[in-house]
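Per the numbering used here, residue 718 is the first one in the sequence shown, and the count goes up by one each step.
Since the structure comes first, as structure tokens, the remarks are kept for the end.
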Amino acid sequence: MRNCVFCKIIQGQISAHKIYETKDIFVFLDINPYTRGHSLVIPKKHYQDIFNIPAEELEKLIVEVQKTAKLLKDKLNAEAINIFQRNGRMAGQEIDHIHFHVVPRYGKDGVEMLPKGNYQGNDFEKIVKLLTK
Ligand code: AMP
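Shown next as structure tokens:
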């Protein structure tokens, strides 16, 4: 897609620190990393987010997310790994080309992801009803 930064990276129009690629997937370092080795896993085909990527493409993507997580854990000696993915501006999505963040964690790296849950609503049953009818 025109004007998509990640499409431009895949096409070689913008440089990136590539880790590896397959026929369908591209893996590279985030330019503004949370930690050492923070990587992004993206499909070569442009899909905006989780809502419009076809399930079979998402399956391929998540398998590479797992491979990337293992790679970072093994080769960079990460103690743990965070994996996350944003959909929509309110969720913090900046680049409208679906991507999974794979973030290696090291000892006291000081990185805070989402804060602990603090939703005060006491409407669990109502939610389940809404989601299951
Ligand atoms: P999100 O907020 O989930 O859309 O994440 C977008 C991510 O893309 C951010 O973590 C950025 O640091 C990263 N990013 C933006 N432009 C580039 C680029 N040219 N190369 C590598 N990472 C990028």
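Beta carbons are placed, not taken as given, at the ideal position from N, Cα and C, and that holds for glycine.
Here the structure is a predicted model, which means the values were calculated and not measured.
Roughly how many angstroms lie between the CA atoms of lysine 735 and leucine 793, to the nearest whole one?
16 Å
The ligand AMP and arginine 822: does any heavy atom of the ligand fall closer than 8 Å to the residue's C-beta?
no
Should the region 787-805 be regarded as contacting the region 816-832, the criterion being three or more beta carbon pairs within less than 8 Å?
yes
Relative to the C-alpha of aspartate 741, which candidate in Gly809, Gln783 and Leu775 has its C-alpha closest?
Leu775
Quick one, are the C-beta atoms of phenylalanine 743 and phenylalanine 768 less than 9 Å apart?
no
Under DSSP, the alpha helix (DSSP H) around lysine 790 begins and ends at which residues?
772-792
With a threshold of 8 Å (Cβ to nearest heavy atom), would leucine 778 be considered close to the ligand AMP?
no
Alpha carbon to alpha carbon, what distance is there between histidine 816 and alanine 808?
13 Å
Given a threshold of 16 other Cβ atoms within 10 Å of its Cβ, counted over all protein chains shown, does proline 855 qualify as buried or as exposed?
Residue coverage of the chain in this structure runs from 718 to 850, which leaves residue 855 outside it and unanswerable.
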